[in-house]
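Trainee: The structure's right below; bear with me while I get my questions together.
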Amino acid sequence: MKGDGARSKPKLVVTKGAVPGKPILSVYPTHENSLLVKWEPPLEAESQVLGYRLQFGRKDVDPLATLEFTTQEDKYTATHVHKGATYVFKLAVKSRAGFGEEELQEITIPEDVPKGYPQILEASNITSRSVQVKWLPPVLAERNGVIVKYTVAYRETTSSGNPQETDLPPSPENSYILNGLKPNTAYDVKIRAHTSKGPGPFSPTVQYRTVLLDQGRT
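The sequence shown begins at 2 in our numbering and counts up one residue at a time.
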């Protein structure tokens, strides 16, 4: 008659449990350039919470910043936020089973006039009668919203009169040809950007000089 073999020792099995649900997330504007982020654990899984993961940043810029917090922490202040930008915040709960489903909040900061100015590039296609001017938009942090137009202002360097101004919509090229200029003459050029709230500051003046004679002409 066969007897039972050696009995194995019982093993203690610890399950990781279910992934926790979404936390409760709120985002509030505080000071002029700050957002207060606050959160609470999921009501049905508070005892399972081991920490939090927060991802946040401008919606139009990748990648998002990532921070992790302990169970004792329940808020964070995001500083240096940009006016006119939409920010996204994603919060997930950490448990033994890993990170749970993310709670998502978005907030848009009201626009303002641009804080910065466009960067004028070197002129190209300079002739005796025209100059092609190109520029870059203000840096992202100083746009304070969507740029809706640019103002190009120019005049002869020796003139004391008001400059001529032309309004232009933004474009991938951001380029404009100054026509009807005098040969061998210096011109001062400056540009400013506008949001829906109004114009920003003019850029520092850049000087261009037309040529005396066009190539191929005598």
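Don't be surprised by glycine CBs; every beta carbon is placed ideally from N, CA and C.
Would T1 and E143 be called neighbours here (beta carbons separated by less than 8 angstroms)?
Mentor: Any property of residue 1 remains undetermined from this structure, which presents the chain solely from 2 to 219.
Trainee: In chain order, what residues of the same chain lie with their CB nearer than 6 angstroms to the CB of A194, ignoring the 5 residues before and after it?
Mentor: Walking along the sequence shown from the start, residue 194 turns up at place 193. P115, P119, P139, I148, Y151, G201, listed in sequence order.
Trainee: Check whether the segment 20-33 touches the segment 87-106, taking contact to mean three or more Cβ pairs, one atom from each stretch, closer than 8 angstroms.
Mentor: Touching, per the Cβ criterion.
Trainee: Please work out which residues of its chain come closer than 8 angstroms, Cβ to Cβ, to S197, disregarding the five sequence neighbours upstream and downstream, and give them in chain order.
Mentor: Position 196 of the sequence shown, counted from the start, is the residue given in the question as residue 197. Excluding residues within five positions, the ones whose Cβ falls inside 8 angstroms are E112, G146, V147, V149.
Trainee: Have a look at S96, P205, S176 and flag the residue whose alpha-carbon is nearest the alpha-carbon of Q49.
Mentor: Within the sequence shown, the letter at position 48 stands for residue 49. Of the listed residues, the one whose Cα sits closest to Q49 is S96.
Trainee: Among residues of its own chain, excluding the 5 on either side of T78, which ones have a beta-carbon nearer than 6 angstroms to its beta-carbon?
Mentor: As a first step, residue 78 is located in the sequence shown; it is residue number 77 there, counting from the start. So the qualifying residues of the chain are S35, L37.
Trainee: Work out the CA separation of S125 and T167 for me, nearest whole Å.
Mentor: Position 166 of the sequence shown holds residue 167. Position 124 of the sequence shown holds residue 125. Each residue's alpha carbon lies about 19 angstroms from the other.
Trainee: Tell me whether E102 sits in a helix, a strand or coil according to DSSP, three-state version.
Mentor: Translated into the one-based positions of the sequence shown, residue 102 becomes position 101. It is coil, neither helix nor strand.
Trainee: Determine the burial state of V190: buried for a count of at least 16 other Cβ atoms within 10 Å of its Cβ, exposed for fewer.
Mentor: Against the sequence shown, residue 190 aligns to sequence position 189. Buried is the call here.
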